[in-house]
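Asks:
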Amino acid sequence: MLAQVPIKLRYNANKKRRSGAFFVYVFRQAISVKIADVNLN
38 MLAQVPIKLR YNANKKRRSG AFFVYVFRQA ISVKIADVNL N
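For the sequence shown, the numbering used here begins at 38 and goes up steadily by one.
1) Quick one: what does DSSP say VAL61 is sitting in, helix, strand or coil?
2) Classify ASN42 as helix, strand or coil using the three-state DSSP reduction.
3) Please work out which residues of its chain come closer than 8 angstroms, Cβ to Cβ, to ARG55, disregarding the five sequence neighbours upstream and downstream, and give them in chain order.
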């Protein structure tokens, strides 16, 4: 059944998951920078 799923659908799902992970990574970086700023001041 899984083999019947169009490759485009699978590709879109992978792209969405990847961009979500990238967003979380950027979000975490921003938070750690903010925390560092607060600690410096």
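All C-beta atoms in this analysis are idealised placements derived from N, C-alpha and C, irrespective of residue type, glycine included.
Replies: Working from what's here:
1) One-based indexing of the sequence shown puts residue 61 at position 24. Reduced to three states, the DSSP call for VAL61 is helix.
2) Taking the first residue of the sequence shown as 1, we reach residue 42 at position 5. Contrary to the premise, residue 42 reads as Val rather than Asn in this sequence. Three-state DSSP puts VAL42 in coil, outside helix and strand.
3) Position 18 of the sequence shown, counted from the start, is the residue given in the question as residue 55. Take ARG55, set aside five residues on each side of it, and no residue of its chain has a beta-carbon closer than 8 angstroms to its own.
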